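Trainee:
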DNA sequence: GTTGAAAGTGACGTAACGTAATCTTGTATA
DNA sequence: TATACAAGATTACGTTACGTCACTTTCAAC
């Protein structure tokens, strides 16, 4: 029989917690002193450790109570249920992660966020997975699919995607200058280099991408991140100037 | 100005929620009727959608209030903070997933769970990542590392690992029979086949694995899942019998 | 016996509503 | 226009797993 102080010292668990576990009858003390102070034995210490461990697995106290007090608890089933629950949580977290990265990238490019618009995009994106695939197959051939994966994806932030985003963001920032301004032309040159690095000489593929990119509807259909019309026009003009030299 | 009923119909948000948002001053109605019924305008509808969207990103209502009412809110910083938070949550979830899978596999093999023991194993495992690597390098050569990855890992549940676990679990189940019993020998044969399938003719590597496996200390050092001594002895005997025929 | 630390018992606060009870308002119909 | 019934208002308790007072009592050392 050891005092509550000993228990907290050995386990790092607070007095309040032990009191609460007593209150909800999850872990009553082995006994009490005359004055009413709680006393714990070896068995209680072990149970306490079990409780702590099960908590790290995401079970709540009610479930833990069931598991530890019911002698015929079906551990296989219980663990599987918990794993299912955890997998759903994981899905949610991964989606949040992806959306947050997309928002941050969009912020870099556009300099602002229209939450309602973004939300609509996301809902649309979630709904039409099947349709989007069909459209992609319509505009691109199957042997283009590897190349499609190389296009910047707003929901990632690998270094490659980040550079594309940085470049587009810089273009947008300098749009007030003429399309032949040296800053613009420097950015275009870097975009040109990076295009060659990434896609080599697949001109046919790039032409198709550009065709889709220039059409807001087609872009939406295949799930490209929306870029405003004047930005696209500006880019095309600057690109043509670069190509002339 | 539309009624609360219209709002719930359009957004799917409950009356209670709207009342709560009014109460905490996150989204006060645009006005009220003479009798005190809440009325909302277009602006409020939009804000409501924004709130809902930000909630899906894991922000709490206090943060959302800050974001939407503070005109100079630093979105880049706010999103990055949230992403950091989410990444930590993801880490936790992944760890839980791995532990749960390990527990389920352990349950299949041993038929029971000693929570305190498993917890100790996990704590040990977390602490000594560095040491474990050193021990592995000591017992195995660098060119064995790919083969080490092929060994069953308790924290996964790919089909391969699952078959190893099922086989070991079946062995354990029939341990009361003699090591030359036909059931046992069938299982050993399958283990033999699978060993060849997986590791080919790397006999040297398998000898080293078996050497570590047979020593409880070495197994602990490199992080192998602990298997009881009598089980190991039983397996070795059955294996020898199989090899004689 | 004194005294200071440790423990006891309430009780409130937390986040974001759900739910129930009771009362009032809005509106469609007779 | 009186009435009935749906919809809304207010109030308040429940939820999870404790943290944090405030105040009182017990324990252990001197």
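Chains as they are written, first to last, in my numbering: chain X, 777 to 1021; chain W, 777 to 1021.
Note that the Cβ used here is the ideal one computed from N, Cα and C, for glycine as well.
A quick note: this is a predicted structure, and the numbers were derived from the prediction, not measured.
Keeping to the same chain, check which residues put their C-beta closer than 7 Å to that of residue 874 (chain X); ignore five residues upstream and five downstream.
Mentor: In the first chain, the residue the question calls residue 874 (chain X) occupies position 98. If we look at residue 874 (chain X) and ignore the five residues flanking it on each side, its Cβ neighbours are 931.
Trainee: Give me the subset of the region 848-867 of chain X whose CB atoms are less than 9 Å from a CB atom of chain W, sorted by chain position.
Mentor: Flagged, chain order: 851, 852, 855, 856, 858, 859, 862, 863, 865, 866.
Trainee: Leaving out five residues before and five after residue 912 (chain W) in sequence, what residues of the same chain have Cβ atoms less than 6 Å from its Cβ?
Mentor: Locating residue 912 (chain W) in the second chain gives position 136, where the first residue counts as 1. The residues are 998.
Trainee: Could you give the DSSP three-state label for residue 1001 (chain X): helix, strand or coil?
Mentor: Mapped onto the first chain, residue 1001 (chain X) falls at position 225. It is coil, neither helix nor strand.
Trainee: Counting only beta-carbon separations shorter than 9 Å, does residue 927 (chain X) have a partner in chain W?
Mentor: Within the first chain, the letter at position 151 stands for residue 927 (chain X). Judged by the 9 Å Cβ criterion, residue 927 (chain X) is not in contact with chain W.
Trainee: If you pair each beta-carbon of the region 974-989 of chain X with each one of the region 780-791 of chain W, do three or more pairs fall below 8 Å?
Mentor: Output reads no: the region 780-791 of chain W does not touch the region 974-989 of chain X.
Trainee: When you compare each of W:817, W:929, W:835, W:801 to residue 859 (chain W) by their alpha carbons, which one comes out closest?
Mentor: As a working mapping, residue 859 (chain W) is identified with position 83 in the second chain. If we check each option's Cα against that of residue 859 (chain W), W:835 comes out closest.
Trainee: Report back the beta-carbon spacing between residue 889 (chain W) and residue 986 (chain X) to the nearest angstrom; my notes put them in contact at under 8 Å.
Mentor: The sequence position of residue 889 (chain W) within the second chain is 113, counting from 1. The sequence position of residue 986 (chain X) within the first chain is 210, counting from 1. Going by Cβ atoms, the distance from residue 889 (chain W) to residue 986 (chain X) rounds to 59 Å, so no, they are not a contact pair.
Trainee: Within 10 Å of its beta-carbon, does residue 940 (chain X) have 16 or more other beta-carbons around it, so buried, or fewer, so exposed?
Mentor: Position 164 of the first chain, counted from the start, is the residue given in the question as residue 940 (chain X). With 16 or more Cβ atoms within 10 Å of its Cβ, residue 940 (chain X) is classed as buried.
Trainee: Compare the C-alpha of residue 838 (chain X) against each of X:792, X:811, X:1016, X:801 and name the closest.
Mentor: Residue 838 (chain X) sits at position 62 when you count from the first residue of the first chain. Ranking the options by Cα distance to residue 838 (chain X), first place goes to X:801.
Trainee: Below 8 Å between beta carbons is the criterion; list the residues of the region 830-850 of chain W that meet it against any residue of chain X, in chain order.
Mentor: Within the region 830-850 of chain W, the residues whose Cβ lies closer than 8 Å to some Cβ of chain X are 830, 832, 833, 834, listed in chain order.
Trainee: With a threshold of 7 Å on Cβ separation, who are the neighbours of residue 885 (chain W) within its own chain once the five nearest residues in sequence on each side are excluded?
Mentor: Within the second chain, the letter at position 109 stands for residue 885 (chain W). Excluding sequence neighbours, residue 885 (chain W) sits near 941, 944, 945, 948.
Trainee: Is any beta-carbon of chain X found at less than 9 Å from that of residue 880 (chain W)?
Mentor: Translated into positions along the second chain, residue 880 (chain W) becomes position 104. Output row for residue 880 (chain W): interface = yes.
Trainee: So is the beta-carbon of residue 963 (chain W) under 8 Å away from any non-hydrogen atom of the ligand MN?
Mentor: The model on display carries no ligand, and the ligand MN is accordingly not part of it.
Trainee: Counting along the chain, where does the beta strand (DSSP E) carrying residue 814 (chain W) start and finish?
Mentor: Start at 1 with the first residue of the second chain, and residue 814 (chain W) comes out as number 38. Run containing residue 814 (chain W): 814-816, per the beta strand (DSSP E) assignment.
Trainee: Quick one: what does DSSP say residue 888 (chain X) is sitting in, helix, strand or coil?
Mentor: If you number the first chain from 1, residue 888 (chain X) lands on position 112. Of the three classes helix, strand and coil, the one that applies to residue 888 (chain X) here is coil, per DSSP.
Trainee: Less than 8 Å between C-beta atoms, sequence neighbours within five positions excluded: which residues of the same chain meet that for residue 1012 (chain X)?
Mentor: Mapped onto the first chain, residue 1012 (chain X) falls at position 236. Same-chain partners within the cutoff: 990.
Trainee: Candidates X:841, X:831, X:811, X:810: which alpha carbon is nearest residue 804 (chain X)'s?
Mentor: As a working mapping, residue 804 (chain X) is identified with position 28 in the first chain. Considering only alpha carbons, the answer is X:841.
Trainee: Could you tell me whether the Cβ of residue 948 (chain X) comes closer than 9 Å to any Cβ of chain W?
Mentor: Position 172 of the first chain, counting from 1, holds the residue named residue 948 (chain X). So no, residue 948 (chain X) is outside the interface.
Trainee: Please identify the residue among X:923, X:958, X:936 whose C-alpha is closest to the C-alpha of residue 983 (chain X).
Mentor: Along the first chain, one-based indexing puts residue 983 (chain X) at 207. That would be X:923, whose Cα lies nearest to the Cα of residue 983 (chain X).
Trainee: Identify the contact partners of residue 825 (chain W) in chain X, using a Cβ-Cβ distance below 7 Å as the criterion.
Mentor: If you number the second chain from 1, residue 825 (chain W) lands on position 49. Here the neighbours are 892, 895.
Trainee: When you compare the region 949-965 of chain X with the region 1001-1018 of chain X, are there three or more beta-carbon pairs, one atom per stretch, that lie closer than 8 Å?
Mentor: Yes, they touch.
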